[in-house]
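Working notes, structure below.
Number of protein chains: 2
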Amino acid sequence: MDEVFKALADPSRRSLLDRLHARNGQTLSELCDGLAMTRQAVTKHLAILEEANLVSTLRHGREKLHYLNPVPIHQIGERWIRKFERAKLVALSELKRRLEADET
Amino acid sequence: MDEVFKALADPSRRSLLDRLHARNGQTLSELCDGLAMTRQAVTKHLAILEEANLVSTLRHGREKLHYLNPVPIHQIGERWIRKFERAKLVALSELKRRLEADET
DNA sequence: TTGACATGCAACCATCTGGTTGCCTATCAT
DNA sequence: ATGATAGGCAACCAGATGGTTGCATGTCAA
């Protein structure tokens with residue numbers, strides 16, 4: 001879980017996930033296209049995404065195809081974000097109340 | 001949005017949010033209790049959370065009260081995670097299909 | 001088989017990050 | 001007033017992070 005959060009913390013990595021979401025199963029070179037980064041930098045990012053289980057790869061000859069695995073993202077939604085949903089409703093009005101009350 | 005992701009990337013900070021979720025409106029000292037960290041380290045974390053708008057503070061005499069703001073967390077769920085929900089359904093079976101088809 | 005293409009590996013580098021220590025300021029209670 | 005309590009500020013440090021360059025390897029096509 002921590003690995004997933006860490007992996008999602010970088011904008012380049014989130015953008016890679018976006019690209020895979022737009023078109024799944026891209027090669028490394030394809031994912032590099034149009035990015036202001038070396039291939040090796042992208043490789044590193046993909047390694048981190050793979051480590052976090054957000055991306056699965058598949059060798060196909062000399063190409064390496066990358067597939068998005070949305071399960072960990074979903075789990076963050078379920079196990080983590082969901083927990084704060086109830087708080088969302090309460091906290092705002094509560095904060096407002098306190099702000100007004102404590103304004104000495 | 002990036003700031004929120006960055007803020008959530010650190011386990012200590014997520015734990016601070018958890019603590020505020022358990023009991024809202026804690027002082028700095030209270031939040032330090034039981035943590036294997038100096039007060040200054042916690043201060044820094046809270047500053048990052050505040051910067052990301054995940055925590056709002058309120059001075060009350062010499063105390064500083066910290067309140068959880070769950071809105072950005074909610075937004076990540078809505079604007080980011082939701083986008084990958086549909087993919088979750090498709091991708092797994094798709095990946096499985098490709099894995100079997102490309103197994104030369 | 002040989003050149004071109006797709007990827008891998010390793011060393012190196014600057015900067016960011018998470019943490020520390022030391023000291024200062026503000027406020028409360030006696 | 002004065003000590004104790006709550007917090008703030010700044011300098012410093014080691015290690016993580018995001019990126020680079022250079023070279024090696026594997027595979028396809030002519």
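Chains as they are written, first to last, in the working numbering: chain Y, 1 to 104; chain V, 1 to 104.
A virtual CB, placed ideally from N, CA and C, is assigned to each residue, including glycine.
Chain Y within 8 Å of residue i, Cβ atoms only
i, result
"residue 8 of chain V", "yes"
"residue 85 of chain V", "yes"
"residue 66 of chain V", "no"
"residue 74 of chain V", "yes"
"residue 45 of chain V", "no"
Classification of residue i by the beta-carbon crowding that lies within 10 angstroms, buried from 16 upward
i, result
"residue 77 of chain V", "buried"
"residue 40 of chain Y", "exposed"
"residue 62 of chain V", "exposed"
"residue 82 of chain V", "exposed"
"residue 11 of chain V", "exposed"
Residue j beta carbon less than 8 Å from that of residue i
i, j, result
"residue 57 of chain Y", "residue 65 of chain Y", "yes"
"residue 60 of chain Y", "residue 16 of chain Y", "no"
"residue 3 of chain V", "residue 47 of chain V", "no"
"residue 26 of chain Y", "residue 20 of chain Y", "yes"
"residue 74 of chain Y", "residue 5 of chain V", "no"
"residue 9 of chain Y", "residue 9 of chain V", "yes"
"residue 111 of chain Y", "residue 42 of chain Y", "Outside the displayed range of chain Y (1 to 104) lies residue 111 of chain Y, so it cannot be described from this structure."
"residue 13 of chain Y", "residue 49 of chain Y", "yes"
Test: residue i CB closer than 8 Å to a CB of chain V
i, result
"residue 77 of chain Y", "yes"
"residue 81 of chain Y", "yes"
"residue 33 of chain Y", "no"
Three-state class that DSSP yields for residue i in the structure shown
i, result
"residue 43 of chain V", "helix"
Hey, which unbroken runs of the alpha helix (DSSP H) at 4 residues or more fall wholly within the segment 45-92 of chain V?
71-75
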